[in-house]
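Asker: One structure coming up, written as structure tokens, with questions to follow.
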Amino acid sequence: MRKTELKQVVTNLSVKHYKGVTILLVLFTLSLASLIPRIRVDTDPENMLSEDEPVRVFHNQTKDNFSLSDIVVVGIINEHNPNGVFNPASLGKIYELTEFARTLRWPDEENPDSQVGVVEVDLLAPSTVDHIGQGGPGVVKFEWLMARPPATDDEALEIKNKAMSNPLLKGTLVSEDGKAICLYLPLTSKDLSYKVYSELKRKIAEFAGDEEYHITGLPVAEDTFGVEMFIQMAVSAPLAMVVIFILMLLFFRKLVLVISPMIVALVSVISTMGLLIGFGYPVHIMSSMIPIFLMPIAVVDSVHILSEFFDRYKPEKGRKDTILEVMGNLFAPMLYTSLTSAAGFASLALTPIPPVQVFGVFVAVGIMIAWLCTITFVPAYVMMIKEESLANFGSASVHEHKQGRLGRILSFAGRFTSARAKTILVLILVISASAVYGITRIQINDNPVKWFSKRHPIRRADIELNKHFGGTYMAYLVLEAADAEPKVEHEYLDGLRKQWLQKGKAITADFPDSPNLTAEVEKLLLDNASADKTRRQFLNEFIALAQQKSNEAENADRIHEADAWYEVAGFFEMEIERLKLFKQPNILEYVGNLQQHLKSTGVVGKSNSVANVVKKVYQELTDGREENFKIPVSSAAVAQCLLQFQSSHNPDDLWHLVTYDYDRANIWIQLTSGDNKDMEKVVKAVDEFFAANPPPARLKHDWAGLTYINTVWQDKMVAGMLQSFMGSFIIVFIMMAILFRSALWGIVCMIPLLVTIAVIYGVIGLVGKDYDMPVAVLSALTLGMAVDFAIHFLQRSRTSFARTGSWKASAQKMFGEPAVAICRNVAVIAIGFLPLLAAPLVPYKTVGIFLCAIMALSGLVTLTALPAILTVLEKRLFKPAAAPKSATCNCGLCFVVSAAAVVLLALNLNQYTVSGWSKLLVFSIIAIPVMALICGIMSRRQACKVLENKEENDNV
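Heads up: the sequence shown begins at 640 in our numbering, then just goes up one per residue.
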């Protein structure tokens, strides 16, 4: 069915059977709305990455290997007391709050026999950690830092002094100025953080005094944002619609008429969200923004219809004839704008971020639902309005001075753009060039905590606690051997044999009853060695063999022989200790140096590792002096320090920093900023340290932790959105070139989008605004809005030119009804979404500002740049009318579209393959000439020759 036939069929059907159309719309909406109660909410930003994403897999493995949990940070600050929080009253409240935090556990819904909530055993607070001190010569004493709340100031200050003497606690648990203490509450699952946050706030509300209480941390920030985001969506979207409704009422002055765009927007949002939920997708942070994105796009076409209906309606003409005429003029541009906007958003499905894919596809579906509702329901709705209800409606009924003001401005603008076309184009080029400079200064950066306004309690907590402590943002640097576990090579066996010969002599001297022991062990070594065995496996087998011989000798009452074999087992156990990488002094020294280097970045406020534990225990094992806070020189001494720590109240704390086999170590890094750029700075600093300081043994390192995870998915999303936007741009260009059957018209149609994007993102770069997730997502909306106005303007310009035969005459008409419709759309959407600026969540503020800027700028560029271009290129663009050619018969158009398709394919392959741009460039260089050849052959086929001959005969 041709487009003209489709237009007539749909419009006539809607006008003649308006009641049936309305009933079908209601049933369609209600059926999809019935799916909404099945909603599942997912506010975890980790799910921006697929479950099998390597960084996410490693993050989860790290949490399992080191028994790590996501942490809620609670800070208590006392700036009024000269001793800070170290006074009986403050410490008493901290103790009470800690005891309350222990109780924040609830039955697991999936497993009623277990509980979820705060992991009590790992809770970090003054009453749950040890003070490590001296218990005598060569003895370490472990005692609770605060076994009970202090009764006097002296007792409180004693707790302070003990905490300050422990580098493990200073800057982490206790601020260096003594003004604040932090509690670290590990959770069984981070999706409980908002529940824990709410319970803590309720408890804190019971306290009085000078203390300030702050709760923050990425888990609570992300979970709270998810909760407040849905609340804000329920407030902001309806508020925006109310403002849009009021603005349309001011423009069109008929309450009964302006309800129709509201219904279209409502139907689009409800049905789209119903489809999303019905297909089983959870409502994620991204998909929760669908209503905000869909409403302006859904309203735009309705406003175009109402605007032209308002300008053309006359009582003697009647509503039926008027709406048929309006739909005849607007059907094609509305179809084009909807298809291009939907294609632009649908291309987000090629972004390698699952929630972005869902977002893009369902916004595209929503756009087409909105288009279908607009072309069917709006005419049907008009037919349901009685003629008498439209009394005093239309431009003819509006006071002349009010109507004339906008008309005079637009009429002047039309004359000005024609008279100063070249000047306007030069000015736009200069502005665009300046914008390009701004784009080069854009900084890609994001931080979920900064999604809250500075007045929000979580944002204030983040600022205050990062001033006092080493940092509330956690990252984990995992170190392990770079090589696979070594085998028993000849060189290793030879070295081990030589060591044994020396040790064997000493054992034989101590046990003269076993003169053949050395030779016997040497023979067993050679007999049991195998290049297929790992060294650890080989040594463990030999230890088991030595223990067996010791037991056999003991059972036979050969006590001295039993003791000798016991010594043999001890020798090989020491060899195994030497294989434990993170018990070696030189490796621990290297880890300590790495931590010092991290401190120099200015972003890392504190880090803890197994090296810190060894240093502190060794310090107290010697004389407690500060200069002895260091790694001992022997692996035996390191082992003794670690063994001493195992006698503390919290021996399992060690396994957060090193694995049981000491093959992997974890450096717990606290950052004072969660910005991507700062996390990337730390990652770069580690890479540089490894490059400049090769470790004593080959080590490899990798990252885990929410701060790093966020950096990965945000960078991946921003880069993916950028490539998807480029892909969307190419898709829209291809569609425009095909729809207009001209590559040149396709290029002209894209100019408002190019200029709008360039200026907006140029300003972002110049003012220093970060290119973050909301900004990246809004680029897709820019495409939809800017192209909408351009298509309406160009399509109607072509139609007008076909009637008048002169662009000068057409320009006057274009700055009448079409320009007025564009201006009304700009005002309705730009002003309508300004209430978002009052939202407490920064992404909503960003959406409000961007929508206003996008609408204003794209409307301005459409009404200035396009008329100027049409004036300058009138002869090239408005050629004598000819029979429409198939796209494949136009060789130039075919080639341009094919080349664009190749570039689009290369862009998408780059996101999903590891081929790299070099191979894709080769692919493009080969593919484009091939496509050009195919286009040339296609344009010379017999069908095209017949068409050309027909055109020539018609012209004769």
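Cβ coordinates follow ideal geometry from the N, Cα and C atoms, glycine included.
Rounded to whole angstroms, what's the CA-CA distance from Asp1101 to Glu861? Just pull it up for me.
Answerer: The residue you call residue 1101 lines up with position 462 of the sequence shown. The residue you call residue 861 lines up with position 222 of the sequence shown. Their Cα atoms are separated by approximately 13 Å.
Asker: Are three or more beta carbon pairs between the stretch 763-778 and the stretch 817-830 nearer than 8 Å?
Answerer: Contact holds: three or more Cβ-Cβ distances are below 8 Å.
Asker: How many angstroms separate the CA atom of Asn1315 from the CA atom of Cys1462?
Answerer: Locating residue 1315 in the sequence shown gives position 676, where the first residue counts as 1. Locating residue 1462 in the sequence shown gives position 823, where the first residue counts as 1. The alpha-carbon atoms of Asn1315 and Cys1462 are separated by roughly 39 Å.
Asker: From Ala1123 to Glu1212, what distance separates their C-alpha atoms?
Answerer: The residue you call residue 1123 lines up with position 484 of the sequence shown. The residue you call residue 1212 lines up with position 573 of the sequence shown. Those two C-alpha atoms are separated by around 21 Å.
Asker: Secondary structure at Lys1142, three-state DSSP: helix, strand or coil?
Answerer: For this step, residue 1142 is matched to residue 503 along the sequence shown. Lys1142: helix per DSSP, three-state reduction.
Asker: Which first and last residues belong to the alpha helix (DSSP H) in which Arg677 is found?
Answerer: Here residue 677 corresponds to residue number 38 of the sequence shown, with the count starting at 1. It is not in any alpha helix (DSSP H) - Arg677 carries neither H nor E in the DSSP assignment.
Asker: For the alpha helix (DSSP H) containing Lys1323, name the first residue and the last one.
Answerer: Counted from its first residue, the sequence shown places residue 1323 at position 684. Segment Asn1315 to Ala1331, the alpha helix (DSSP H) holding Lys1323.
Asker: Whole angstroms is fine: what's the gap from Arg677's alpha carbon to Ser814's?
Answerer: The residue labelled residue 677 in the question sits at position 38 within the sequence shown. The residue labelled residue 814 in the question sits at position 175 within the sequence shown. Those two C-alpha atoms are separated by around 47 Å.
Asker: Assign Val1553 to buried or exposed, taking buried as 16 or more other Cβ atoms, counted over all protein chains shown, within 10 Å of its Cβ.
Answerer: Mapped onto the sequence shown, residue 1553 falls at position 914. Because Val1553 sits at a pLDDT of 48, beneath the cut-off of 50, its placement in the model cannot be relied upon, and the following sentence gives the value as read from the coordinates. It counts as exposed.
Asker: For Ile715 versus Tyr836, is the C-beta spacing smaller than 8 Å?
Answerer: In the sequence shown, residue 715 corresponds to position 76, counting from 1. In the sequence shown, residue 836 corresponds to position 197, counting from 1. No.
Asker: First and last residue of the alpha helix (DSSP H) that includes Gly1005?
Answerer: On the sequence shown, residue 1005 is found 366 positions in, with the first residue counted as 1. Looking at the DSSP string, the run of the alpha helix (DSSP H) that includes Gly1005 is Pro993 to Met1023.
Asker: Tyr1205 by DSSP, collapsed to three states: which one?
Answerer: As a working note, residue 1205 is residue 566 in the sequence shown. DSSP places Tyr1205 in helix when its eight states are reduced to three.
Asker: Could you give the residue range of the alpha helix (DSSP H) that holds Asp703?
Answerer: Numbered from its first residue, the sequence shown carries residue 703 at position 64. Unbroken alpha helix (DSSP H) run through Asp703: Pro693 to Asn704.
Asker: I'd like the span of the beta strand (DSSP E) that includes Ser1246, first residue to last.
Answerer: As a first step, residue 1246 is located in the sequence shown; it is residue number 607 there, counting from the start. Counting along the chain, the beta strand (DSSP E) containing Ser1246 begins and ends at Val1243 to Asn1247.
Asker: Check Pro746 in the structure and name its three-state DSSP category.
Answerer: As a working mapping, residue 746 is identified with position 107 in the sequence shown. Pro746 falls in the strand class under three-state DSSP.
Asker: From the DSSP output, in three-state form, read off Asn800 for me.
Answerer: Position 161 of the sequence shown, counted from the start, is the residue given in the question as residue 800. Of the three classes helix, strand and coil, the one that applies to Asn800 here is helix, per DSSP.
Asker: May I ask which residues mark the beginning and end of the beta strand (DSSP E) holding Thr855?
Answerer: On the sequence shown, residue 855 is found 216 positions in, with the first residue counted as 1. Segment Glu851 to Thr855, the beta strand (DSSP E) holding Thr855.
Asker: Over the uninterrupted alpha helix (DSSP H) stretch that includes Met928, give me the two end residues.
Answerer: Within the sequence shown, residue 928 is the residue found at index 289, counting from 1. Looking at the DSSP string, Met928 is not in any alpha helix (DSSP H), and its letter there is neither H nor E.
Asker: Look at the alpha carbon of Phe869 and the alpha carbon of Val922, and state the distance between them as a whole number of angstroms.
Answerer: Counting from one through the sequence shown, the residue named residue 869 turns up at place 230. Counting from one through the sequence shown, the residue named residue 922 turns up at place 283. Their backbone Cα atoms lie some 10 Å apart in a straight line.
Asker: Among Lys1188, Arg1337 and Lys1219, which residue has its Cα nearest to the Cα of Val1207?
Answerer: For the purposes of this step, residue 1207 is identified with residue 568 of the sequence shown, where counting begins at 1. Selected option, being the one with the closest Cα: Lys1188.
Asker: With 16 as the cutoff for other CB atoms within 10 Å, does Val648 come out buried or exposed?
Answerer: Your numbering for residue 648 matches position 9 in the sequence shown. That one is exposed.
Asker: Give the secondary structure of Asp1409 by DSSP, where H, G and I count as helix, E and B as strand, and everything else as coil.
Answerer: The residue you call residue 1409 lines up with position 770 of the sequence shown. Of the three classes helix, strand and coil, the one that applies to Asp1409 here is coil, per DSSP.
Asker: Give me the Cα-Cα distance between Ala844 and Asn750, rounded to the nearest whole angstrom.
Answerer: For the purposes of this step, residue 844 is taken as the residue at position 205 of the sequence shown. For the purposes of this step, residue 750 is taken as the residue at position 111 of the sequence shown. Whole-angstrom Cα-Cα distance: 32 Å.
Asker: How big is the Cα-Cα spacing for Asp683 and Lys893?
Answerer: Position 44 of the sequence shown, counting from 1, holds the residue named residue 683. Position 254 of the sequence shown, counting from 1, holds the residue named residue 893. The alpha-carbon atoms of Asp683 and Lys893 are separated by roughly 45 Å.
Asker: Might you give, ordered along the chain, the residues of its own chain that have their beta carbon closer than 7 Å to the beta carbon of Thr1157, omitting 5 neighbours on each side?
Answerer: Walking along the sequence shown from the start, residue 1157 turns up at place 518. Correct list, in chain order: Leu1140, Gly1143, Lys1144 and Thr1147.
Asker: Can you tell me where the beta strand (DSSP E) with Met1113 in it begins and where it stops?
Answerer: Position 474 of the sequence shown, counted from the first residue, corresponds to residue 1113. Tyr1112 to Ala1120 is the extent of the beta strand (DSSP E) around Met1113.
Asker: Please classify Thr742: is it buried, with 16 or more other beta-carbons within 10 angstroms of its beta-carbon, or exposed?
Answerer: Along the sequence shown, one-based indexing puts residue 742 at 103. With fewer than 16 other Cβ atoms within 10 Å, it is exposed.
Asker: I'd like to check one pair, Met887 with Val942: are the Cβ atoms closer than 8 Å?
Answerer: If you number the sequence shown from 1, residue 942 lands on position 303. If you number the sequence shown from 1, residue 887 lands on position 248. For Val942 and Met887, yes; Cβs fall inside 8 Å.
Asker: Can you give the Cα-Cα distance for Gly1134 and Ile1226, rounded to whole angstroms?
Answerer: The count along the sequence shown starts at 1 and reaches residue 1134 at position 495. The count along the sequence shown starts at 1 and reaches residue 1226 at position 587. Cα to Cα, the separation comes out at about 21 Å.
Asker: How long is the line joining the alpha carbons of Ala1149 and Lys1126, rounded to whole angstroms?
Answerer: Within the sequence shown, numbered from 1, the residue matching residue 1149 stands at position 510. Within the sequence shown, numbered from 1, the residue matching residue 1126 stands at position 487. A quick correction: the sequence has Asp, not Ala, at residue 1149. Spanning the two alpha carbons is a distance of roughly 32 Å.
Asker: Here's the rule I'm using: 16 or more other beta-carbon atoms within 10 Å means buried, otherwise exposed. How should Trp745 be labelled?
Answerer: As a position in the sequence shown, residue 745 is number 106, starting the count at 1. Exposed, since its Cβ has fewer than 16 Cβ neighbours within 10 Å.
Asker: Have a look at Ser1274 and Arg1174 and give me their C-alpha separation to the nearest angstrom.
Answerer: The count along the sequence shown starts at 1 and reaches residue 1274 at position 635. The count along the sequence shown starts at 1 and reaches residue 1174 at position 535. Going by the C-alpha atoms only, they are around 18 Å apart.
Asker: Between which two residues does the alpha helix (DSSP H) holding Asn1305 run?
Answerer: Within the sequence shown, residue 1305 is the residue found at index 666, counting from 1. Looking at the DSSP string, Asn1305 is not in any alpha helix (DSSP H); the run it does join, the beta strand (DSSP E), is Arg1303 to Leu1310.
Asker: Given that a residue counts as buried once 16 or more other Cβ atoms are within 10 Å of its Cβ, and exposed if not, what is Asn1332?
Answerer: The residue labelled residue 1332 in the question sits at position 693 within the sequence shown. So Asn1332 counts as exposed.
Asker: Please return the same chain residues whose Cβ sits closer than 6 Å to the Cβ of Glu1103, not counting the five positions on each side in sequence.
Answerer: Here residue 1103 is taken as the residue at index 464 of the sequence shown, counted from 1. Here the set comprises His853.
Asker: Helix, strand or coil for Glu1027 per DSSP?
Answerer: Numbered from 1 along the sequence shown, position 388 holds the residue referred to as residue 1027. In the structure shown, Glu1027 sits in a helix (DSSP, three-state: H, G or I).
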